[in-house]
Amino acid sequence: MPQRGDELLASRRAKLERLRGRGIDPYPPRFRRSHTTAEAARAFAEAEAGGKPAPEAAVAGRVARLRRMGKASFADIEDSEGRLQLFLRSDALGDGYALLDDLDLGDFVGASGAMLRTKAGEASLDADSLTLLAKALRPPPEKFHGLRDVERRYRQRYLDLIANREVHETMRARSRIISAVRAFFDARGYLEVDTPVLTPVAAGAMAQPFETLHKALDRKLYLRIAPELYLKRLIVGGMDKVYEIGRVFRNEGIDADHNPEFTLLESYEAYADYNDVMRLVETLVPQVALEAVGGTNVERGGEVIRLAGPWARLSLHDAVAERAGVNLDDYPDAASLAERMRSLGVPVTYAESRGRLIDKLVGTFVEPQLMQPTFLTDYPVEMSPLAKASPADPRYTERFEAFAAGMEIANSFTELNDPDVQRARLVEQEELRIRYQGEDLDRMDEDFLTALEHGMPPTGGLGIGVDRLVMLLTGSRTIRDVMLFPQARQAGEAEC
RNA sequence: GCCCCCGUAGCUCAACGGCAGAGCGCCGGGCUUUUAACCCGGGCGUUACAGGUUCGAGUCCUGUCGGGGGCACCA
14 MPQRGDELLA SRRAKLERLR GRGIDPYPPR FRRSHTTAEA ARAFAEAEAG GKPAPEAAVA
74 GRVARLRRMG KASFADIEDS EGRLQLFLRS DALGDGYALL DDLDLGDFVG ASGAMLRTKA
134 GEASLDADSL TLLAKALRPP PEKFHGLRDV ERRYRQRYLD LIANREVHET MRARSRIISA
194 VRAFFDARGY LEVDTPVLTP VAAGAMAQPF ETLHKALDRK LYLRIAPELY LKRLIVGGMD
254 KVYEIGRVFR NEGIDADHNP EFTLLESYEA YADYNDVMRL VETLVPQVAL EAVGGTNVER
314 GGEVIRLAGP WARLSLHDAV AERAGVNLDD YPDAASLAER MRSLGVPVTY AESRGRLIDK
374 LVGTFVEPQL MQPTFLTDYP VEMSPLAKAS PADPRYTERF EAFAAGMEIA NSFTELNDPD
434 VQRARLVEQE ELRIRYQGED LDRMDEDFLT ALEHGMPPTG GLGIGVDRLV MLLTGSRTIR
494 DVMLFPQARQ AGEAEC
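Numbering (this note's numbering), first residue to last: 14 to 509.
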C-alpha cells in the first residue's frame, strides 16, 4: 500500500544506501559524548570568563536545523537539555564534510572539537569530526510552527517532544512534583506501599470499573478505581502511616480534567483526623510548589492563585446556602431538593439520589468559584459512605475536598471505622445504585468489612489527583498536557 | 450516549460552486561565520473515506472514520 510522501522517504532511503556504499554505518552502536549541549555551553562560558582556552567537547544530538553553504555549514543539534550549534568547515573536516550531502533534519550526529564563539556571537562547536549516529527515515515536523495537530501531538507524542520543547519542561516539572511529594511523606515517617491493581471488587469509589479476566482462576477481576480499601487494611494491620502513588482506572468520560487512567496519591495516618489532614495538605502543596516550580504563586486565567497556607475553610452547607441560596436542611429528601433545584434552573431528573443532587448543586454554584485554595468541609453523609459522621450532626461527615483554580485536587475524611455502620452505609449505596442507576455490579468488599471488624484505629485519609496537582502547578489547561500518553477520545466500540 | 465544529502537500495554513495554492520542508544548482541563512530552478496532492446533487464539488447533501469543544457520566 503506497503512502503519501513516498518521495520523501525514498530520498532518505537513497541517502542511507549511499552512506552504506561509502562504508559508513548509519546506525553505529555507540558514541561517547563528553558534554551534553548545555554542559558544553556552560564549560565554554566559564573558560571565557576565566580567560582560559576554549574547552574541547564531544557532543551528540538530533539535527534540528541545517544551514548549508558551499564549504562551511551550520547544524543546530538538540538533546534533552537544549540546543547547540555545530560549525562545520570543509578544511577542518576533510573528507568527513561529504557526510553533509547525505544528512537530513532529524538525523542524530555526534561531533567533537573545540568550542568557539562565532562572528555573530553564538557559542558553537568548531567540529573536527562529525559522525552519523542514527539516520532518520521520516522527516521531522516543521521547524518553525512546530506540530499543531492535536491528534498527532498525543498519539505520536515523540513528534510533539521533538517539535515542541516546552513539553519537556512540563514533564520535568511533573517528575519534580512527584519526587517532592514522596520526599514530603518520607520525611514524615510514612511508608510507601504498593497495593493490588487487579482486584476482585471495584470498591473505594463510585466510578465504573474496567473489567478483565484471569484465565487460570477463571475469574473476573477489576482494575482498581481506588487503593483506599487496601490501604485501610494496612492501618488495621498496624502500619500507622502509609501512602501510595499509583495508577487508577475509571471507565468514565474523557474531558479536560478526566482521563480513564490517572495517578492518584492516597495517604492514611492512624490517630489523625480530617483537621490534621487539612493542615497536611496546606503544608504539602505549597512546599511541593516551592521545590518543583520555584514558587507558591501560580497564575490561572489572569488570576494569581496563592498556594501558601493556611487555606480558607468553608462548610458545604454554608457554601450552598451562600452561593446557591439553598438551605440543605430544608430539603431532607431527594424529591424536595430536586424541586427546589428545578426552580433555580438546574436541569435535574427525579431519578437522582439526594447525594447526587447535592453534588450537582455544589458543582454548579460553588466549585467553579473556588479559585483560591479552599477546603470545602463537612459533606452530607449520603455523599460520603466511607467517612465518619460528625458527632455534632450525624447528617454530615468529617470530610473535606480541597479546591484550587476551580478544580478539585484533594478529598479527605476521618475514616469510618465502625464495621457495622460501614456495612450499613455500603448496603445503602448498593441499593441507591440499583434504584437510580440500574447497576447490578456487586461492590461489597466483604474482606474489607472483616478487616474493620478486627478493629481499625481512628484514622485520617487523603486522596490527591496527582495529574490535577501537576496541572495546577504548571498552569496546564488540560490533563492531556501533563500526561505523556493520554487516552485518545475515540467513539464507542464497534457494536458487531 | 447526545449536540456543535473540524479533517486540503511531509509540516503550518490558503482557495466565491469554476484551472488545487503559499511558507517551511524536499529535489537540482551556487555560496567558508549562518541564526526561520540567502540566491536560481522544480509542486512533490486519492482535498480523511464511501455515496449523492450539479454542466462543474475541497466547497452543497447523506453516511462512515478520526479529532476538538460542550452536555451527560465521574458518591
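Ideal Cβ placement from N, Cα and C applies to all residues, glycine included.
Of the residues T427, S125, R26, P470, the one whose Cα lies closest to the Cα of A70 is S125.
For G358 and A334, the gap between their C-alpha atoms comes out near 16 Å. Restricting attention to alpha helix (DSSP H) runs no shorter than 4 residues, the region 401-446 encloses them at 432-445, ordered along the chain.
For the pair E241 and D173, the Cα-to-Cα distance works out to about 35 Å. DSSP, read as helix, strand or coil, puts N310 in strand. With contact defined as three or more Cβ pairs closer than 8 Å, the region 367-376 and the region 341-351 are in contact. According to DSSP, residue pairing for S328 in a beta bridge involves T390. N340 is classed as exposed because its beta carbon has fewer than 16 other beta carbons within 10 Å across all chains shown.
DSSP places R260 in the strand class (E or B) of the three-state scheme. Nearest to D199 by alpha-carbon distance, out of R232, K233, F223, V255, is V255.
Taking all protein chains shown into account, V317 has fewer than 16 neighbouring C-beta atoms within 10 Å of its C-beta and is therefore exposed. Membership of G251 in any beta strand (DSSP E) is not indicated, and neither H nor E is assigned to it by DSSP.
The closest CA to that of E466, considering only E414, A73, G250, is found on G250. Under a 10 Å Cβ-count criterion, M469 is classified as buried, with 16 or more other Cβ atoms of the shown protein chains found around its own Cβ. S403 and R168 have their C-alpha atoms roughly 47 Å apart. The region 445-457 and the region 204-212 do not touch, with fewer than three beta-carbon pairs separated by less than 8 Å. The residue among T212, G217, A239, P299 with its C-alpha nearest the C-alpha of L226 is T212. For the region 472-507, the full-length beta strand (DSSP E) segments reaching 3 residues or more read 472-478 along the chain.
For I371, the enclosing alpha helix (DSSP H) stretches over residues 367-378. About 4 Å separates the beta carbon of D115 from that of K28, a gap short enough to meet the 8 Å contact definition. Excluding the 5 residues flanking it on each side, N424 has same chain C-beta neighbours closer than 7 Å at E414, G476, in chain order.
Scanning its chain for C-beta atoms nearer than 6 Å, with the 5 sequence neighbours on each side dropped, one finds around D92 the residues T49, T50, G74, in chain order. Under the three-state reduction of DSSP output, V317 falls in the strand class. Under the DSSP definition of a beta bridge, F87 partners with R80, F100.
Considering only V440, L389, P471, the residue with the shortest C-alpha distance to D253 is P471. Judged by DSSP secondary structure, L465 falls within the alpha helix (DSSP H) whose first and last residues are 459-466.
Counting the other CB atoms within 10 Å of its CB gives Y344 a total of 16 or more, which places it among the buried residues.
Taken atom to atom, the span from the alpha-carbon of D117 to that of E61 is near 33 Å. In the DSSP annotation of this structure, E179 is not part of any beta strand (DSSP E); the continuous alpha helix (DSSP H) holding it starts and ends at 179-200. Under DSSP, H227 forms a beta bridge with R232. Sixteen is the threshold: when 16 or more other Cβ atoms of the shown chains lie within 10 Å of the Cβ of P398, as they do, the residue is buried.
Per DSSP, reduced to three states, the secondary structure at E241 is helical.
Within the same chain, L462, L465, E466 come within 8 Å of P432 by CB-CB distance, once the 5 residues on both sides are set aside.
Looking at D139, T390, T491, the one whose alpha-carbon comes closest to that of H271 is T491. As computed with DSSP, S142 is found in a beta bridge with S125. Residue pairing by DSSP places V72 opposite A124 in a beta bridge.
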